[in-house]
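Quick notes on the structure that follows.
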Amino acid sequence: MSGFVKSIAVPEKHAASLRARQLDMVRRITFVMILANLLNAGIVVVCFLGTASSDLLYIWGAAILVSSTVSVGTQFFNPRDMDPMDGRSQTALDNFTRGALLNGMLWGAVPFIVMHAAAPQGQMILGVIMAGMMFAGTFLMARTPAAAISFLLPVGAGVVAAMQFQNGQTYPIIAVLTLAYIGVLILAVSWSYKQFVEQHLSECAVKEQSQLIGLLLRDFEESTSDWLWQTNAEGHLQDIPLVFEGVQEADGIMRKGEPLLDLFVTGEAHHVLKTSLMRRQGFRDLALQVKTQEGGQECWWSVTGKPIFESGRFRGFRGVATDITQSKEIEDRIAYMAHYDGLTGLPNRITMQEHLEKAARLAIHPKTNRALVWLDLDNFKWVNDTLGHPAGDELLRQVSGRLTGICEDEDVVSRISGDEFALIIERPDQEKLESFLDDLVERLSEPYDIWGSTANCSASIGVRLFDTFTQDVRVLLKHADLALYQAKKLGKGNWCMFSDELDERARARQQIETDLHRALDNDELRVFFQPVVDAVTMEVTGFETLLRWEHPKRGLVYPGEFIEHAEDIGLITRIGDWVIRAAMSEARRLPDHIGISVNISPLQIHSQSLMPTIMQAIAANNIAPNRLELEITESVLMSDSEFTLQRLHQIKSIGVRIALDDFGTGFSSLSYLRSFPFDKIKIDKSFVSDLESRADNRAIAVATLELARSLGMTCTAEGVETGFQSDFLRENGCDNLQGFFISRAQPLDKLTHLIELKEFPDADAEPAPRPKLRVVEPDEAPARAAKVS
539 MSGFVKSIAV PEKHAASLRA RQLDMVRRIT FVMILANLLN AGIVVVCFLG TASSDLLYIW
599 GAAILVSSTV SVGTQFFNPR DMDPMDGRSQ TALDNFTRGA LLNGMLWGAV PFIVMHAAAP
659 QGQMILGVIM AGMMFAGTFL MARTPAAAIS FLLPVGAGVV AAMQFQNGQT YPIIAVLTLA
719 YIGVLILAVS WSYKQFVEQH LSECAVKEQS QLIGLLLRDF EESTSDWLWQ TNAEGHLQDI
779 PLVFEGVQEA DGIMRKGEPL LDLFVTGEAH HVLKTSLMRR QGFRDLALQV KTQEGGQECW
839 WSVTGKPIFE SGRFRGFRGV ATDITQSKEI EDRIAYMAHY DGLTGLPNRI TMQEHLEKAA
899 RLAIHPKTNR ALVWLDLDNF KWVNDTLGHP AGDELLRQVS GRLTGICEDE DVVSRISGDE
959 FALIIERPDQ EKLESFLDDL VERLSEPYDI WGSTANCSAS IGVRLFDTFT QDVRVLLKHA
1019 DLALYQAKKL GKGNWCMFSD ELDERARARQ QIETDLHRAL DNDELRVFFQ PVVDAVTMEV
1079 TGFETLLRWE HPKRGLVYPG EFIEHAEDIG LITRIGDWVI RAAMSEARRL PDHIGISVNI
1139 SPLQIHSQSL MPTIMQAIAA NNIAPNRLEL EITESVLMSD SEFTLQRLHQ IKSIGVRIAL
1199 DDFGTGFSSL SYLRSFPFDK IKIDKSFVSD LESRADNRAI AVATLELARS LGMTCTAEGV
1259 ETGFQSDFLR ENGCDNLQGF FISRAQPLDK LTHLIELKEF PDADAEPAPR PKLRVVEPDE
1319 APARAAKVS
């Protein structure tokens, strides 16, 4: 019978709760329906008592009584706490539907029993009762449409059928009206049941949302320290609709009646909060420090709020507060690490840059000297290498302590990186500034006690004065660095003030470095040769190769002006290889007994291209290897001495001679003579220049000559400029002389008055045979280092 009612889709998860409500409705209406049923049945029996249908009415009344008793018993034995998911709940609804059908059939039989025997007045009474039963029963059972229709159809069918057996014109009309009423009632049941189901589904949805919100709120309460707050129009705190349990942070601070502004410490964020409350504007994530008792732990909240308007009237503010104390501590720590040095606690490079930019823009008082002081520790690497890196860290901490101790409170002291520090200071006049710098150098030069060990670590300092014309921080830093570089050149433990001269030198240095890159490509380098003569016969025995740079604008440039720059920019290896090739190319024009010497730099001795360059240059120009002599200084041996000695033995093994240049100017000449068998010692010109006037120079020269003879080495004196020097050296056994007394360095073509140059054969002529190189064993004599076949 449920097919008469349009089916309404009910989700499976809500079907059980729908049955539960239907069962609850059945329990509540059953007794009402039974009372109404018995009352109406009694009226029918009484009204038609004494008619021809009395006997049947007694039987019918007894049947109604039995049916009602069964219905009461059924509801009595159905448990009230019946599980709606249990199959018995659906059985109970089915039994209720069957009872309704039985009751409807009993009432549908009444018109057949009494209608033919009743007077018109009795028929009217019966019609009213039947109509009331149809309408009342249908609407009471509307939430169980199967039961409602099971009751309605038999009752209506009985009335319509009874009308067909009556005589008269009105009965067919009554039958038609009854059918119409039945249709209307079926539609009403359908509409009522649909409303009932929709209402139930809506209530279920609301309940689910409420449960979800409750779960979210409980999760929110357990996982966060947020809480809600609300103020009135005057800005005083009020109770709020939702209060989380366990929020202890707000209990002692957010009290009803307290002004919201009075909870926080004044500051920039407090001013924003005050302005927003005054202007009735929303605000978000204001980080505010909470007022706490003296000595209490610092506390920070993040506060968000918006104004409340009801019917256009301002009611106050409502929002949420969050305890951000821990995150604020982390944020402050990160900010500190970003702006301060973790080892010394001083401002770092970033913070120093910010202070420097402010100082550069700030006006300078005419009588004030503001300066950027850039300092670098001189022996810091020694401390790290000998005492260890922890000791180096301790040294840096002690240096920072000395710096902050000697500086004034207004000065900015920072650690830039490694062993570099920077200061921004102001002093009343130039004298006070220089006095401070002297004290700073003296204080930093004092010995450091590092865990029982003494470390001497002075500092070199560069100073750049601020001026009204220079506001570019990069320029200030560059100038301070130039001054520091100059201070290091002056020696350890010095300070140097930047001057325009230093800037000009730096510009010239940069220009030289730029031009040097072009010099090799443009063939601007030249080789000059200074003769070396036998001290007795004064005949030329060899030439020293000296490099010159023929600059297109500056003219002839000497090595002292550019070799250091070439080493700094990494060009010295290319230049050195070029000199070897050029020297060997010129050497083939010399007689076969004349040697050529070439100076080798410390960087060049470590170059992988040195050995191939030497061998290719010798072979390409048919030069005997013993005619080439490489001159090295002590600085070559001081850099990775083990590798250097190995490389020198490798060079000597192909027959090339090795000379120790500038002998006597270093600290370890004698130890080097013992560790490597040099072919020649060259006495530095600093000992030769004062032979006439200084007895100690004469003693050193004589001792060096005797040392060379005892070691089986030849000796050449450099810088010979007078006849006295020449005679003294010859008389004391010097082998060779070199200097202006013999000749200045010149291109080979300008030395023909001293030596006869070879004429080269034509290009088509067969080249002379190349000399064969033989590797000599280390124990063979130097004189047999190479042979030409």
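With the working numbering, you'll find the sequence shown wraps up at 1327, consecutive numbering, no jumps.
Even for Gly, the Cβ is constructed at its ideal location relative to N, Cα and C.
- Between F1278 and E1259, the beta carbon gap of about 5 angstroms places them in contact (Cβ cut-off 8 angstroms).
- When E848, V1136, D1072 and Q776 are compared, the shortest CA-CA separation from T1083 is found for V1136.
- Taken in chain order, the whole alpha helix (DSSP H) runs of length 4 or more contained in the region 804 to 869 are 806 to 817.
- Counting only residues of its own chain and dropping the five nearest sequence neighbours on each side, D1010 has a CB closer than 8 angstroms to the CB of A898.
- Judged by their CB atoms, R965 and F974 are nearer to each other than the 7 angstroms cut-off.
- Inter-segment contact for the region 859 to 870 and the region 830 to 848 is present: three or more beta-carbon pairs are separated by less than 8 angstroms.
- Straight through space, the alpha carbons of S592 and S730 are spaced by roughly 39 angstroms.
- Taking C-beta atoms under 8 angstroms as the contact rule, F855 and K844 qualify, at a distance of about 7 angstroms.
- In this structure the region 1055 to 1066 does not lie against the region 1012 to 1022, because fewer than three pairs of beta carbons, one per stretch, are closer than 8 angstroms.
- With contact defined as three or more Cβ pairs closer than 8 angstroms, the region 894 to 909 and the region 1001 to 1015 are in contact.
- Taken through DSSP and simplified to helix, strand or coil, D914 comes out as strand.
- Of the candidates A684, L913 and S1147, the residue whose Cα lies closest to the Cα of F959 is L913.
- In this structure, P649 sits near V697, with a CB-CB distance shorter than 7 angstroms.
- According to the DSSP assignment, Q768 belongs to the beta strand (DSSP E) that extends over W765 to T769.
- One alpha carbon belongs to D1265, the other to A1241, and they sit about 17 angstroms apart.
- Taking each of I963, A1283, L750 and S1145 in turn and checking the Cα distance to L941, the smallest one comes out for I963.
- Put simply, the region 1234 to 1249 does not touch the region 1180 to 1199. Fewer than three CB pairs are less than 8 angstroms apart.
- Of S1231, W765 and K1288, the smallest CA-CA separation from V1065 is found for K1288.
- For H1089, the uninterrupted beta strand (DSSP E) segment begins and ends at V1078 to H1089.
- The alpha carbon of G642 has as its nearest neighbour, out of G1193, L1040, D870 and I602, the alpha carbon of I602.
- DSSP, read as helix, strand or coil, puts V1071 in strand.
- Here G646 is buried: its Cβ has 16 or more other Cβ atoms, across all protein chains shown, within 10 Å.
- With respect to E1256, K1220 sits close: the two C-beta atoms are nearer than 7 angstroms.
- Taken in chain order, the unbroken stretches of alpha helix (DSSP H) that lie wholly in the region 1157 to 1197 and span 4 residues or more are 1172 to 1176 and 1179 to 1190.
- The DSSP-derived three-state label of D562 is helix.
- The alpha helix (DSSP H) runs of length 4 or more contained entirely in the region 567 to 601 do not exist; there are none.
- For W1116, no beta strand (DSSP E) encloses it; the enclosing alpha helix (DSSP H) starts and ends at I1110 to A1125.
- The alpha carbon of L595 has as its nearest neighbour, out of S606, G580, M1149 and G694, the alpha carbon of G580.
- Looking at the backbone, the Cα of N578 and that of Q747 are separated by about 47 angstroms.
- Only buried fits H1017, as 16 or more other CB atoms lie within 10 angstroms of its CB.
- Proximity of the region 1147 to 1155 to the region 1094 to 1103 falls short of the contact definition, fewer than three beta-carbon pairs being nearer than 8 angstroms.
- Apart from sequence neighbours up to five positions away, no residue of its chain approaches R636 with a beta-carbon distance below 7 angstroms.
- Of the residues R887, L1198, V735 and V803, the one whose Cα lies closest to the Cα of V951 is R887.
- For M875, the secondary structure class from DSSP, reduced to helix, strand or coil, is helix.
- Of all alpha-carbon atoms in A743, R793 and L1229, the one lying nearest the alpha-carbon of W767 is that of R793.
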